[in-house]
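Written below as structure tokens is the structure these notes are about.
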Amino acid sequence: ERRFETALNRARGLEIQRMPQDGNCLFCAVASQVYGNSELHDLIRHMCVDYMERERHRFSEFVTEGFAASYCKRKKRDQVRGNVTDVRAISEMLNRSIHIYSYSTYPVYVFRGRGFRERDDDAPTTILLSYHHGNHYNSLVSRETVHEKRRLQEQAKANASLESESIAAEIKAQ
Numbered sequence: 001e002r003r004f005e006t007a008l009n010r011a012r013g014l015e016i017q018r019m020p021q022d023g024n025c026l027f028c029a030v031a032s033q034v035y036g037n038s039e040l041h042d043l044i045r046h047m048c049v050d051y052m053e054r055e056r057h058r059f060s061e062f063v064t065e066g067f068a069a070s071y072c073k074r075k076k077r078d079q080v081r082g083n084v085t086d087v088r089a090i091s092e093m094l095n096r097s098i099h100i101y102s103y104s105t106y107p108v109y110v111f112r113g114r115g116f117r118e119r120d121d122d123a124p125t126t127i128l129l130s131y132h133h134g135n136h137y138n139s140l141v142s143r144e145t146v147h148e149k150r151r152l153q154e155q156a157k158a159n160a161s162l163e164s165e166s167i168a169a170e171i172k173a174q
């Protein structure tokens, strides 16, 4: 795991943003990348299943269990793991490319949105995910994004500290 993380960081400048290991990880990772908030995983999950139900003629062939009666019903439940069929649906639904890295510095799966070509693979809207141990997804973010986020958080803490000191000084002066 550690070697994969280090190699990905060195070769691609990507850092793993860890998602909860609760069965919602795929949907959390996508929500984190699309909305900046992994807690919106349920929205992504329901949009994905609704899309697959509308496009059942294209997705039912990838499912061995009864599509509408079983698969879609089960997939709507919280903490039910996502899979490549769901990733494909999310890519199409959002019309965004999704790259999945798994113990390699090159994506092992590439799903392209409608009308996307290989030359579009580096588009800023591309969703980057890592896949671990055959059952867990995390979000991948650029090193620059992580550092900028940390810088802004530190700046906000410093501003809050200065503000509280200023308020304390005003109270003392009264």
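For the sequence shown, the UniProt record's numbering begins at 1 and goes up steadily by one.
Ideal placement from N, C-alpha and C gives every residue a C-beta, glycine not left out.
Next item on the list: For the segment 64–78 and the segment 46–54, state whether three or more C-beta atom pairs, one from each stretch, are separated by less than 8 Å.
Entry: Touching, yes.
Note to self: By the three-class DSSP mapping on this structure, what secondary structure does V80 have?
What the structure shows: Here residue 80 refers to the residue found at position 80 when the sequence shown is read from its first residue. Collapsing the DSSP output to three states places V80 in coil.
Check: Any idea which residues DSSP pairs S139 with across the strands?
Finding: Taking the first residue of the sequence shown as 1, we reach residue 139 at position 139. Among the bridge pairs identified by DSSP, S139 is matched with Q17, L129.
Check: Along the chain, where does the beta strand (DSSP E) that runs through Y71 open and close?
Finding: Numbered from its first residue, the sequence shown carries residue 71 at position 71. Taken as a continuous stretch (DSSP letters only), Y71 belongs to no beta strand (DSSP E), as it is neither H nor E.
Notebook entry, point to check: Is the distance from the Cβ of L26 to the Cβ of D78 below 8 Å?
Noted result: In the sequence shown, the residue the question calls residue 26 occupies position 26. In the sequence shown, the residue the question calls residue 78 occupies position 78. For L26 and D78, no; Cβs fall outside 8 Å.
Check: With a Cβ-Cβ cutoff of 8 Å, do F142 and G13 count as a contact?
Finding: Within the sequence shown, the letter at position 142 stands for residue 142. Within the sequence shown, the letter at position 13 stands for residue 13. What sits at residue 142 in the sequence shown is Ser, not Phe. It is a contact, given that the beta carbons lie within the stated cut-off.
Checklist line | Close Cβ partners of P107 (< 7 Å) along its chain, the five nearest in sequence each way excluded | finding: On the sequence shown, position 107 is the one that residue 107 refers to. Result list for P107: H99, I100, Y101, in chain order.
Next item on the list: Classify Y101 as helix, strand or coil using the three-state DSSP reduction.
Entry: As a working note, residue 101 is residue 101 in the sequence shown. Note: Y101 maps to strand in three-state DSSP.
Margin query: Once the 5 residues before and after R45 are set aside, which same chain residues still bring their CB inside 6 Å of it?
Written below: Here residue 45 refers to the residue found at position 45 when the sequence shown is read from its first residue. Residues F27 of the same chain have their beta carbon placed closer than 6 Å to that of R45, with the five preceding and five following residues left out of the count.
Notebook entry, point to check: Is it the case that the Cβ atoms of N95 and R114 are separated by a distance below 8 Å?
Noted result: In the sequence shown, the residue the question calls residue 95 occupies position 95. In the sequence shown, the residue the question calls residue 114 occupies position 114. It is a contact, given that the beta carbons lie within the stated cut-off.
Notebook entry, point to check: R3 to Y103, Cα distance in whole Å?
Noted result: Mapped onto the sequence shown, residue 3 falls at position 3. Mapped onto the sequence shown, residue 103 falls at position 103. Near 8 Å, if we compare the C-alpha coordinates of Y103 and R3.
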